[in-house]
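A.B. asks: Note that the sequence shown covers residues 78 to 231 in my numbering.
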Amino acid sequence: MALTAALVGIGVAGASPALASATPVASTLATALVPVDFLDAPTRALPAAGQSHTFTVSYRNDSSVDQVVAPQILVESPDAGPYLAPADIKVERRGPDGYREVVPVGSQTGTLFTDLVAAQHTLRPGETLTERYRVTVIAPGAAGTVQPRVALYG
């Protein structure tokens, strides 16, 4: 099974094509999937307060079977602190209609993260999922790194 991932950070957001072929995965507690691997993109430093970084997270299923994937944005606090809080940043995803929607951010031990379950998609063989995110720093002095990635489910 050949799986490839292309994770690209870009500086300016463009219009997002509809993800017509990617099917969202319904989730319930009884059937929750667990990631078996993550494909990490290069990290970038958080921008200054009031500034944004835009990222494109893309994954192509080059296998011959369906693949469940979930794009995720991690924002890691500096090792020496202070820890970031969800209110320090805003994460948005460009929807198929071209408008941005706010993506809720969780927090655990200095790492902010977008929810994997809500982002799950089933890709058929040969399909590509492309999501565009924007991370904006709200709090003055907030520091850390942004790590886009794709979770792979087995």
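Virtual Cβ for every residue (Gly too), placed ideally from N, Cα, C.
(1) Using the C-alpha atoms, what's the distance from glycine 183 back to valine 149?
(2) Please classify proline 112: does DSSP put it in a helix, a strand, or coil?
(3) I'd like to confirm the pairing. Which residues does DSSP put opposite alanine 118 in its beta bridges?
(4) Which parts of the region 125-163 are runs of the beta strand (DSSP E), unbroken and 3 residues or longer, counting only runs that do not cross its ends?
(5) I need the boundaries of the alpha helix (DSSP H) containing leucine 193, first residue and last residue.
(6) Identify the continuous beta strand (DSSP E) that holds glutamate 208 and give its terminal residues.
(7) Pick from Thr120, Ile215, Pro112 and Tyr210: whose alpha carbon is nearest that of glutamate 153?
(8) Suppose the cutoff is 7 Å on Cβ atoms and the five residues either side in sequence are ignored; what does the same chain contact list for glutamate 208 look like?
(9) Return the residue from the list Asp165, Gly187 and Ala228 that minimises the CA-CA distance to proline 155.
(10) In angstroms, rounded to a whole number, what distance separates the CA positions of alanine 220 and leucine 200?
(11) Tell me whether glutamate 178 is buried or exposed, calling it buried when 16 or more other Cβ atoms sit within 10 Å of its Cβ.
(12) Could you tell me which of Gln224, Asp143 and Pro124 sits nearest to aspartate 165, measuring between CA atoms?
(13) Taking buried to mean at least 16 other C-beta atoms within 10 Å of its own C-beta, is alanine 109 buried or exposed?
C.D. replies: Let me spell this out:
(1) Note that residue 149 is glutamine in the sequence shown, not valine. The alpha-carbon atoms of glutamine 149 and glycine 183 are separated by roughly 12 Å.
(2) Proline 112 falls in the strand class under three-state DSSP.
(3) None; alanine 118 has no bridge partner.
(4) Correct list: 129-137 and 144-153.
(5) Start and end: 193-196.
(6) Residues 205-214.
(7) Out of Thr120, Ile215, Pro112 and Tyr210, Thr120 has the C-alpha closest to the C-alpha of glutamate 153.
(8) Correct list, in chain order: Val134, Pro148 and Arg170.
(9) Minimum Cα-Cα distance from proline 155 among the listed residues Asp165, Gly187 and Ala228 corresponds to Gly187.
(10) If I take the Cα positions, the gap works out to 35 Å.
(11) Counting Cβ neighbours within 10 Å, glutamate 178 comes out exposed, since fewer than 16 surround it.
(12) Nearest option by C-alpha distance: Pro124.
(13) Burial check for alanine 109: the Cβ neighbour count within 10 Å stays below 16, so the residue is exposed.
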